[in-house]
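Undergrad: I have a structure here, written as structure tokens, and I will follow up with some questions on it.
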Amino acid sequence: QYANKEDGKGRRKEYDRAMSHKSVTRYFDEFNFIATELIDVLCEDMERGVNEHALCTHMATFALKVDLVTMFGNVADESKIDVFHENYSTCWSEMESRLEEHFQNPAVNGKRTSRQH
């Protein structure tokens, strides 16, 4: 849902400034470095004979690195990114399982059953 009132306009004004084309160009070298790292990892895997890649994990790591570089400057410890991604995946799985439970056990007459949270 779009926020077209003053609060929405104010948020867009703030966000647009930080993510404008001009602002994003400041990070081009960092983006390129992170992309090159990912390409190197994939090429090394191919040289070792790995035919199947965890592309979802690689791309999530890429996105996290880009976010962290733009927010904090440098990503020195890659193990923290891996831990963050594991925690994110755990939370996502938990949310999905709760949604599945909700849709498998819908409320009776609009009231929650004892199994729903």
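Note that the numbering used here has the sequence shown beginning at -6, numbered continuously upward.
From the three backbone atoms N, C-alpha and C, an ideal C-beta is built for every residue, glycine too.
Decide if the stretch 54 to 61 is in contact with the stretch 22 to 33; the criterion is three or more beta carbon pairs, one per stretch, under 8 Å apart.
TA: Yes, since at least three Cβ pairs between the stretch 54 to 61 and the stretch 22 to 33 fall closer than 8 Å, the two stretches touch.
Undergrad: How about T83 and Y20: do their beta carbons lie closer than 7 Å?
TA: Taking 7 Å as the Cβ cut-off, T83 and Y20 do not qualify as a contacting pair.
Undergrad: Measuring alpha carbon to alpha carbon, tell me which of E23, D22 and H51 ends up nearest V34.
TA: H51
Undergrad: Please state the DSSP three-state secondary structure of S13.
TA: coil
Undergrad: Just mark T54 as buried or exposed, buried being the case when its beta carbon has 16 or more other beta carbons within 10 Å.
TA: So T54 ends up on the buried side.
Undergrad: Quick one: complete alpha helix (DSSP H) runs, 4+ long, within the stretch 14 to 43?
TA: 14 to 17 and 21 to 40
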